[in-house]
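Note sheet for the following structure.
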Amino acid sequence: MDNVEIEIANYLNKIGEGEISEESSRRVQAMYKIISEIESIGDSGVSIAKILQRKISHKASFDHYMLENIDTMMSLLEDSIDEMIKNLDLGYTKIANINEAEEYENKTNALRTKLKEEHMANLENNKYSYQSGVHYMDVIEECEKIGDYVVNVSEAVLEIQ
Numbered sequence: 004m005d006n007v008e009i010e011i012a013n014y015l016n017k018i019g020e021g022e023i024s025e026e027s028s029r030r031v032q033a034m035y036k037i038i039s040e041i042e043s044i045g046d047s048g049v050s051i052a053k054i055l056q057r058k059i060s061h062k063a064s065f066d067h068y069m070l071e072n073i074d075t076m077m078s079l080l081e082d083s084i085d086e087m088i089k090n091l092d093l094g095y096t097k098i099a100n101i102n103e104a105e106e107y108e109n110k111t112n113a114l115r116t117k118l119k120e121e122h123m124a125n126l127e128n129n130k131y132s133y134q135s136g137v138h139y140m141d142v143i144e145e146c147e148k149i150g151d152y153v154v155n156v157s158e159a160v161l162e163i164q
């Protein structure tokens, strides 16, 4: 993904080297932001894969509770990404609904906070091992970052208009 991001950025640089209107310049800047945020989404996906590899190498496991919560977070992210794609598709015409994109971000943050609080209580009550809990919360935190990047893309699309 890094090579693709660099190629797109180089192309946008070439556009910016010529004389372009203020509106076009604003759009190019928003496009830089979009490619950077999409790159960050990909990087977070790689980070989750590495977390899961560490979990396996440490012979840690996720219990049913953890798996359900990860699934809930992933479903929320899927909806958020669908909204981002909708906004990208409408990019130059009108944004589908920035409020909906921001609402998904708020839900993601709230879920992360709730799961973090539950995680602390579960550790105190020895519901699962500390090692499993670390990997679990690392996945949840990385998912929350993806939610940030996703809403940032929708906000950048709004800047293009």
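Here the sequence shown is numbered in the working numbering, starting from 4 and rising by one per residue.
From the three backbone atoms N, C-alpha and C, an ideal C-beta is built for every residue, glycine too.
Everything numeric in this text was worked out from a predicted model, so none of it was measured.
Lys53 and Glu71 have their C-alpha atoms spaced approximately 20 angstroms apart. Collapsing the DSSP output to three states places Gln56 in a helix.
Relative to Ser47, the option among Val160, Val156, Glu145, Gln32 whose CA is nearest is Glu145. Per DSSP, the continuous alpha helix (DSSP H) segment holding Ile149 begins and ends at 133 to 163. Between Glu147 and Thr111, the gap from beta carbon to beta carbon is short of 7 angstroms. Contact between the segment 34 to 42 and the segment 150 to 160 is present: 3 or more CB-CB pairs across the two stretches fall below 8 angstroms.
Counting only residues of its own chain and dropping the five nearest sequence neighbours on each side, Ala104 has a CB closer than 8 angstroms to the CB of Ser83, Glu86, Met87, Asn90, Val153, Val154, Ser157, Glu158.
In its chain, beyond the 5 residues on either side, Asn90, Ser157, Glu158, Leu161 have a beta carbon closer than 8 angstroms to the beta carbon of Ile101. His138 sits buried, since 16 or more C-beta atoms from the chains shown fall within 10 Å of its C-beta. In the DSSP annotation of this structure, the continuous segment of the alpha helix (DSSP H) that includes Lys89 starts and ends at 67 to 93.
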